[in-house]
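One point on numbering: in the numbering used here, the residue at position 56 of the sequence shown is 294, and numbering is uninterrupted. Note that the Cβ used here is the ideal one computed from N, Cα and C, for glycine as well. Structure first, then comments.
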Amino acid sequence: MTGADKTYTREFAIAMVLYCIAVVVVVLTLPALGDSPLRFVLALLPVLPGLLGVWAFMRFLARMDELQQRIQLSALAFSFAVSGLLTFAYGFLEIAGAPRIPAIWVFPIMIMLWGLGLGFASRRYS
Numbered sequence: 239m240t241g242a243d244k245t246y247t248r249e250f251a252i253a254m255v256l257y258c259i260a261v262v263v264v265v266l267t268l269p270a271l272g273d274s275p276l277r278f279v280l281a282l283l284p285v286l287p288g289l290l291g292v293w294a295f296m297r298f299l300a301r302m303d304e305l306q307q308r309i310q311l312s313a314l315a316f317s318f319a320v321s322g323l324l325t326f327a328y329g330f331l332e333i334a335g336a337p338r339i340p341a342i343w344v345f346p347i348m349i350m351l352w353g354l355g356l357g358f359a360s361r362r363y364s
């Protein structure tokens, strides 16, 4: 593991621990707020550590060599295109009467597709 890998792992782990804490705080506190407008602010609390995770990844990406950056770009492009097509297609299915899927699932699907894209891209460049 390189120094950049260790730094990224530490930064991302901290962001994810903070994210988990924020989710627990939101889940436990949100019901007590009732109809208060503050509930919207509280609901967005997990986004802050999410931004830290994005910041950690962007720093890690900048420290990668060109081949690794190319692999990441290919994986992200795959994720972007496929998740865009999936959400577009499912939007039409919802119009036709398919059950509504909460938007909170879009990002996890993108991350899963990014992982799949990393597998494809890594094999192509190895």
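Flag residue i as yes when its Cβ comes closer than 7 Å to any non-hydrogen atom of the ligand SAH, and as no otherwise.
| i | result |
| --- | --- |
| PRO340 | The ligand SAH is not among the ligands present in this structure, which contains no ligands whatsoever. |
Work out the CA separation of residue j and residue i for me, nearest whole Å.
| i | j | result |
| --- | --- | --- |
| GLY241 | ARG338 | 44 Å |
| MET296 | LEU290 | 10 Å |
| THR247 | GLY335 | 43 Å |
| LEU299 | TYR363 | 17 Å |
| VAL320 | ARG361 | 19 Å |
Output needed for residue i: all residues of its chain with C-beta closer than 7 Å, excluding positions within five of it in sequence on either side, in chain order.
| i | result |
| --- | --- |
| ALA341 | none |
| PRO346 | none |
Would you identify the three-state DSSP class for residue i, choosing helix, strand or coil?
| i | result |
| --- | --- |
| LEU282 | coil |
| ASP273 | coil |
> Counting Cβ pairs closer than 8 Å, one from the stretch 280-288 and one from the stretch 264-271, do we hit at least three?
Replying inline: yes
>> Measuring CB atoms only, is the stretch 318-336 touching the stretch 297-309, in the sense that at least three cross pairs come out at less than 8 Å?
In response: no
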